[in-house]
Every structure is written in C-alpha cells, then in structure tokens.
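Working notes, beginning with the structure itself.
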Amino acid sequence: MTITRNGIELVGLSMPGHPVVLENAGAQSYGVWVSPANSLPGTDDEHPPCGGPQPAVLKGFAIRGFTIRGFAVHGVHLACVEGFSIADNRSENNSVYGLFPVRSRHGLMTGNVVTGTTDDAAVYVGQSEDVLIAGNRVFGNLLGIEIENSGNCAAVANEVHGNTAGILVDLLPGLQRSTQENTLLAFNSVHDNNLPNKADEGILSVVPAGVGILAVAGKNTVVIGNDVRHNAFTGIAVASFCLALALQESDLDCNALGIDPDPKDDRIIGNRLKDNGLGDFSSNPFFESIKGDLIWDGSGSGNCWSGNTFTPTAASAQLPACK
Numbered sequence: 013m014t015i016t017r018n019g020i021e022l023v024g025l026s027m028p029g030h031p032v033v034l035e036n037a038g039a040q041s042y043g044v045w046v047s048p049a050n051s052l053p054g055t056d057d058e059h060p061p062c063g064g065p066q067p068a069v070l071k072g073f074a075i076r077g078f079t080i081r082g083f084a085v086h087g088v089h090l091a092c093v094e095g096f097s098i099a100d101n102r103s104e105n106n107s108v109y110g111l112f113p114v115r116s117r118h119g120l121m122t123g124n125v126v127t128g129t130t131d132d133a134a135v136y137v138g139q140s141e142d143v144l145i146a147g148n149r150v151f152g153n154l155l156g157i158e159i160e161n162s163g164n165c166a167a168v169a170n171e172v173h174g175n176t177a178g179i180l181v182d183l184l185p186g187l188q189r190s191t192q193e194n195t196l197l198a199f200n201s202v203h204d205n206n207l208p209n210k211a212d213e214g215i216l217s218v219v220p221a222g223v224g225i226l227a228v229a230g231k232n233t234v235v236i237g238n239d240v241r242h243n244a245f246t247g248i249a250v251a252s253f254c255l256a257l258a259l260q261e262s263d264l265d266c267n268a269l270g271i272d273p274d275p276k277d278d279r280i281i282g283n284r285l286k287d288n289g290l291g292d293f294s295s296n297p298f299f300e301s302i303k304g305d306l307i308w309d310g311s312g313s314g315n316c317w318s319g320n321t322f323t324p325t326a327a328s329a330q331l332p333a334c335k
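When we follow our numbering, the leftmost residue of the sequence shown carries the number 13, and every step to the right adds one.
Next comes the structure, spelled out in structure tokens:
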C-alpha cells in the first residue's frame, strides 16, 4: 500500500480474534509506504529527498488497528512526513525494520506490538524530530527500539524484552543529518534481552547479545527511571562510536567521518538495575572484563551517573556523579 497524499488515516476495525491483516502476498518489500511522490520505493530508504533541491513533505498520516506481517524490508515506512501517528498496530516478521519513520517530525508511536524483526530494529526513528515512542511492547527482535541521528525524541514506558539489544540511541556517519541530541529514555521496562546476535557483518554484528540500553555518541541522552534487569552483558552502557569501529577492526578514522564520535552530556539517573552482566563472555576477554549493570568506556565529556541502584563492578567504579 502506497500513500502520497496529505491527511490520510488508515483504521483497521478488527473484531476479537479477527484482526485486520496486511500480509505479504509474495515478493513484496514494504507493507505500508507513506511519503511524498518524489520519495517512492526505489529511492534510498535512509536518504529520501525531502530536504533536497526540491523539498517535499507529506503532512498528516495515521494508522491504527492493523496487523502488518511478513514483508521483506519494512512493515510501515514513513519518509518526509510531518505530523503522524502509528498506534495500536501489530508488526510481525517484517525483516529489516518493523515501524520506520525517517526524516519525519512531530510523531507518535504508541500501543504497538512489534516482533520478529531479524535484521535491524523493530521500532526505528531516524533523522527525525519530536517523536514520542510510548507504551509499546517490543520483543523477539535484533534491536528493540533505535533512535538514530535524531533530535528531541523520547521513548517512555515501553516494555522491551527478549531482543538481542533492548534500546539503542546512536549517531552514525554518512547520513543526511549528522547530529543526535536531546533524547529521553524514561520509565521503560528493559529486561531479558539476550537473543543471540545473528546480524550480518557490520556495526550491528559487534553488539554483544545481552544489552539493555546502549547510547553510542550523541549529545544529551537522558536515561531516567528505567527498570533494567536480566540482560546478560550490560544494563546501561555509554560509549563512543570509535569503540564500535575498533570492535569491527575497521581502519577508518572515527574522527574524520563528519560526526562527533563521543557521547556528550549524557545523564543516567535514578534507574533500577538488577542482575545485568552475569553472562559468560569468556570467549571475548574484553567483553568479559567490562560486563556489568553500568558500563562507560571513558569517552566524551559531561556524562554523569546519579541515584542508580546497581551492583558495582570495576568498570563502574569511576562513574562521574551528576551535580
């Protein structure tokens, strides 16, 4: 289904036991595609032309009450959309991304259930502004929730469990937006994210299974009041993009990629952490040495930790306190 007009609302009027299902009928890549006409399938998913020489924005879109199932790339794809709502849907077995707004703004993603995304993130917000991800249940995916190269976004009161990694906030090079700032992660339940990492070779392949919350580069990520437990590698980690490159054994210079690779002014406050970092990582001595409830690789400036309940480890012994 392709939508290129403003103000469209899709409503699935399901009955108990009889959901409204949009399912891949064979060789289909996307379940629902929403964008201006100049950003249709065939353009680069992560480089839509909404900010190009002939900028175009679609205004107003909503979808609720659907089950979107079995598409090869994305379940719901939004590009260059201003003012959107993705609510009370179920995304199942959509391979690369489940729900995917990119280069969009003023959005709400709430009440959705997303599972079976094997190649990347179940709930993704990329290069976007002012998006709230709230009250979703996200399980059985490679990544649960990812906020990437975006600003003023929040993930609040979601249940994120049974993924390889729970919540990722990251800044990557090579995209149209080169900053990631002002992200709020609050009151989420992030637990038992221990699926084996089966990602293809690339940056995701170096993420160890068993990550609760991970902030890579970016500025002013606030992680507050979350319940983070039973993640085998770490509960909450803050790290540089340079570390991600080093783990890939890349020969790229992380300081010459057009982004600031280090985390700045992140605040990790008042989180409840329990039984994270108890997995066996003896096959990787580096991971084994740093695993624990809280991890920081020492990079960046202005990062601080206060009021968290956790089991101290050597890696967390020198965490700067918030003033």
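Glycine included, C-beta positions come from ideal geometry on N, C-alpha and C. Predicted, not measured: the structure shown is a model, and the values here were computed from it.
Contact under 8 Å by Cβ, residue i with residue j
i	j	result
Gly-19	Gly-72	yes
Val-7	Asn-315	No answer is possible for residue 7: the residues shown for the chain start at 13 and end at 335.
Cys-266	Phe-253	yes
Ile-280	Trp-317	yes
Ile-179	Asn-200	yes
Pro-113	Leu-90	yes
Leu-337	Val-135	Residue coverage of the chain in this structure runs from 13 to 335, which leaves residue 337 outside it and unanswerable.
Arg-189	Asn-170	no
Val-108	His-86	yes
Ser-313	Lys-286	no
Leu-196	Asn-175	no
Val-235	Asn-283	yes
Ala-99	Thr-130	no
Ala-177	Val-240	no
Phe-83	Gly-43	yes
Leu-183	Val-228	yes
Phe-78	Leu-22	yes
Asp-305	Asn-288	yes
Ser-41	Thr-16	no
C-alpha gap between residue i and residue j, whole angstroms
i	j	result
Pro-185	Ala-333	30 Å
Pro-297	Lys-303	10 Å
Cys-62	Phe-293	44 Å
Gly-163	Ile-248	20 Å
Gly-310	Leu-331	9 Å
Thr-191	Val-172	25 Å
Ile-75	Gly-138	19 Å
Ser-301	Val-181	23 Å
Val-168	Cys-92	24 Å
Ser-328	Asn-205	21 Å
Asn-101	Val-150	12 Å
Thr-127	Leu-264	34 Å
Gly-214	Ala-133	14 Å
Val-125	Arg-81	12 Å
Gly-156	Ser-217	15 Å
Ala-39	Ala-49	22 Å
Gly-95	Ser-116	8 Å
Gly-152	Glu-104	10 Å
Asp-56	Lys-335	44 Å
Glu-141	Glu-58	15 Å
Val-202	Gly-237	11 Å
Leu-34	Ala-268	44 Å
Pro-324	Thr-14	51 Å
Glu-158	Asp-212	17 Å
Ser-295	Ala-37	43 Å
Asn-232	Ala-198	14 Å
His-242	Leu-226	15 Å
Val-88	Asn-148	15 Å
Ile-307	Asp-278	13 Å
Glu-261	Ala-326	25 Å
Segment limits, alpha helix (DSSP H) that includes residue i
i	result
Ser-301	297–302
First and last residue of the uninterrupted beta strand (DSSP E) at residue i
i	result
Pro-113	109–114
Ser-88	According to the sequence provided, residue 88 is Val. The question's Ser does not apply to it. That run of the beta strand (DSSP E) goes 86–91.
His-118	117–122
Ser-103	102–104
His-173	171–173
Ile-280	279–281
Ile-20	20–23
Glu-261	Element bounds for Glu-261: n/a, residue is neither H nor E.
Lys-286	284–286
Ile-271	Where Ile-271 is concerned, there is no enclosing beta strand (DSSP E), given that its DSSP letter is neither H nor E.
Asp-57	Segment: none, Asp-57 is in no beta strand (DSSP E) and carries neither H nor E.
Asn-36	Unbroken run through Asn-36: none, as it is neither H nor E.
Asp-309	From DSSP, Asp-309 is part of no beta strand (DSSP E); its letter is neither H nor E.
Arg-76	70–76
Gly-82	Segment: none, Gly-82 is in no beta strand (DSSP E) and carries neither H nor E.
Ser-318	316–318
Ala-177	177–182
Leu-3	Only positions 13 to 335 of the chain appear in this structure, which leaves residue 3 out of reach.
Minimum Cβ-Cβ distance from residue i to chain D less than 8 Å
i	result
Pro-60	Among the chains in the structure shown there is no chain D, since it carries only a single protein chain.
Closer than 7 Å: residue i CB and nearest the ligand FMN heavy atom
i	result
Gly-310	Ligands in the displayed structure: none, and consequently the ligand FMN is not present.
Could you tell me which whole beta strand (DSSP E) segments of length 3 or greater appear in the stretch 202–259? Here the runs fully enclosed are 223–228, 231–236, 239–241, 246–251.
List, from N- to C-terminal side, the beta strand (DSSP E) runs of 3 residues or more that fit wholly inside the stretch 126–163. Runs found: 133–138, 141–146, 149–151, 155–160.
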